Amino acid sequence: MKKNNPISALWRGSIRRQLVLGFALASLVLMAVFGVVVLDQQRTAQLTFSTDRAASLAHALSISSTSWALANDLVGLQEVVQGFTRTTDLRRAFFVSPTGEVLASTNPSEIGFFLSDPLSLSMLASEKRDQIVLLDQRNLVVVAHPVLLEGRHLGWIRVEMTREEMNENLAALTRTWIGFGFIAVILVSLVAMLLARRLTKGLQHLMSVVTAVEQGWGKRRADVGRRDEIGTLARYFDRMLDAIEDQKKLISRSEEKYRFLADNISDVIWVLNLEAMKWEYFSPSVQKLSGYTVEEEMAQSLQQILTPESFSIAQTRLNERMQTYLENKSDNQIYTDELEQYRRDGSTVWVELSTRFSRDAAGQLILLGVSRDISERKQAEEKIRNLAFYDPLTQLPNRRLLLDRFGLTIAACKRSQRFSALMFIDLDNFKPLNDEHGHDVGDLLLIEVAHRITACVREMDTVSRFGGDEFVVMLHELSKERDVSARRASEIAEKIRHSLGKPYKLKIEREEGGSPQVVEHRCTASVGVVLFDQHCSSSEDLLRMADNAMYQAKKGGRNQVRILESLPPKHQSS
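Residues 22 to 595, numbered by the numbering used here, are exactly what the sequence shown covers, in order.
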């Protein structure tokens, strides 16, 4: 999280504060720059004046001491030098012989000493016979002037002067300028404050109008008749409020229409936030579909709503489609799916989902969807499917479904290198039952036969009613060994024959509501079995071979099993 800068907060707090601080800082900077320039010029002028003053004093001493130095009158020379003692800012002045001996000085204790400091040595070593500025510092200036008479060098006058008075003058000037600048900044700030108050008064009025509108006073307006830019802004603001008010009315009417539709249609409208994986909306019709209220439905996750199989499908498709949407930014694609979801009572219902990806006002990815109950359609489709692929009496696969599964069995044999078997079963004593008791009793027998055959085989095997009293059983993937596969097929066929040979007790319900009549019947079966693998001939050839084996069993005395092995197509063609 970004920390608030106090200086930035102070500057951005309000326009009024920005105007006052801006004017104050601008005037302060302007006065400071102007003051620095003026003070620099004053300092330069004062330094030049101080240097010239020291040079003038040295020149005057040089002229005054020439005759005394020529006469070698040290007393008179000392009196001349001593006469300049009261000069302002004079630190000391002395007359030095060409050899460096102090002959006269404002400080008598220095007379008779020889100078050895670097400045003096540089002065004595100079070949110039003109004035020399030995030192020019902020607080001190040292000037040397030669004493000459008709080309003869008599010595040097050295003058040292402080710059205390100059520095005091500059300090006083600086203080005066600071005071003047402070007063100027205050005056400018006052002017800026008055101007800012004038400018921001209209803005504060606009803010009060915004606050009133926010609190529900939608009729409040901002125009107060000003002719400046703020007045123009207020009039545009009023136009915006009028437009918003009109839009709110249109939106309110539109929301009423959509709310009416959402509350009364049977389809369920919903919104799922994909980033938070939470429901954002369910239309009230969800209670009719699932039995849950809107609040209860929204509290459940997608995994809790859908059955495990449907949730797995939905999750896979959702991830794939979401990736496509994020990569292609295609927001117009509408997807349709059929999924199964739970109801409150534990039952399930099939729904058709129409979904589309989108983003909400916050930019988060959402899924818009409509769910429609298609249970009746599913039931109708299931009935149509049963009529197309299942026997309506026994609910066993019919000839069409059997032939479809034959291709799957051949593929399985090829994959596992195992043998399979096909059985053709025909009931031996079925027609007398029909003739004596009617087709209704015959149908009961066929249903019982279907149950007994199904109980004798594995779940992976196929039991089909081929027509009339004929049944076909397809045994899948028995063994890789032919002999073992033939033995297992024979065992299962004998098991079926033995089961079908047991007595049947068929209950016939009476129309007048009395106790049911029980018809006991004995019925055997002739079974033809053919063994095949991946190299088998067509399904029609196999069925014909199994049928031939079945007829051999009938000719042999019925209630028997006959096994034939199919030959590869090349052997059969020969």
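By construction, the Cβ of each residue, glycine as well, lies at the ideal position given by its N, Cα and C atoms.
Predicted model, so just to flag it, every value in this text is computed and none were measured.
Residue i, enclosing alpha helix (DSSP H) - first and last residue
i	result
M566	560-576
S147	Premise fails: S147 is in no alpha helix (DSSP H) and is neither H nor E.
W89	87-91
K523	Unbroken run through K523: none, as it is neither H nor E.
T314	T314 -> no alpha helix (DSSP H), and no H or E assigned at all.
I395	Premise fails: I395 is in no alpha helix (DSSP H) and is neither H nor E.
L466	460-477
I326	323-326
Residues near residue i by beta carbon distance below 6 Å, same chain, minus five either side
i	result
G522	T545
T475	V484
A45	V206, S210
K575	S547
H80	H166
D447	E491, S547, M571
I517	I474, C477
S88	none
R38	none
Q152	A76, H166
L585	V551, M566, A570
G97	W89
R107	none
Exposure of residue i, with buried meaning 16 or more beta-carbon neighbours within 10 Å
i	result
D366	exposed
A382	exposed
H174	exposed
W238	exposed
N419	buried
Q362	buried
H542	buried
A146	exposed
T337	exposed
L423	buried
T120	exposed
V482	A small fix is needed here, since residue 482 is Asp in this sequence, not Val. Buried: at least 16 other Cβ atoms inside 10 Å.
A213	buried
R74	buried
DSSP state of residue i mapped onto helix, strand, coil
i	result
A546	strand
S126	strand
L588	In this predicted model, L588 has a pLDDT of only 48, less than 50, meaning its place in the structure is not dependable enough to derive any value.
E359	strand
D366	coil
Q39	helix
Q538	strand
I272	helix
L82	helix
Y257	helix
F451	coil
I153	strand
A409	helix
G390	strand
V117	strand
R74	helix
Chain-order list of residues whose beta-carbon lies under 8 Å from that of residue i (same chain, five-residue window excluded)
i	result
Q555	I431, C434, K435, Q438
L60	L191, L194, T195, W198
N160	T183, R184, E185, N188
I36	A217, L220, T221, L224
Proximal residues to residue i (C-beta, below 7 Å), its chain only, five neighbours per side dropped
i	result
A514	M444, V548, V550, V582
L417	Y411, A471, V484, S485, R486
Q371	As written in the sequence, residue 371 is Trp, which differs from the Gln given in the question. Same-chain partners within the cutoff: E359, E361, I395, S396, K399.
G312	R364, R365, D366
Continuous beta strand (DSSP E) stretch holding residue i: start and end
i	result
T415	Careful: T415 lies outside any beta strand (DSSP E) and carries neither H nor E.
N340	Where N340 is concerned, there is no enclosing beta strand (DSSP E), although the alpha helix (DSSP H) it sits in stretches over 329-349.
L499	Here L499 belongs to no beta strand (DSSP E), and DSSP marks it neither H nor E.
T430	Note, T430: premise wrong, no beta strand (DSSP E); alpha helix (DSSP H) at 420-437.
G97	Element bounds for G97: not the beta strand (DSSP E) but the alpha helix (DSSP H), 95-103.
H166	161-170
L295	No beta strand (DSSP E) holds L295; DSSP gives it neither H nor E.
For residue j and residue i, believed in contact at Cβ under 8 Å, the rounded distance
i	j	result
S392	L310	7 Å
I499	L414	Correcting the residue type first, residue 499 is Leu in the shown sequence and not Ile. Not confirmed; about 29 Å, so no contact.
G176	V168	5 Å
I334	L295	Not really, about 17 Å apart at Cβ, beyond 8 Å.
V117	R179	6 Å
V289	S306	5 Å
K463	N455	The amino acid occupying residue 463 in the given sequence is Gly; Lys does not appear at that position. Indeed, because the Cβ distance is near 4 Å, the residues count as touching under 8 Å.
F440	R479	The Cβ separation is near 15 Å, so there is no contact.
F332	M319	Not a contact, Cβ separation roughly 17 Å.
A264	L227	With 8 Å as the limit, A264 and L227 do not qualify as a contact, their Cβ atoms being about 17 Å apart.
A510	L496	6 Å
Any C-beta of chain D under 8 Å from that of residue i
i	result
A193	The displayed structure is made up of one protein chain only, and chain D is not part of it.
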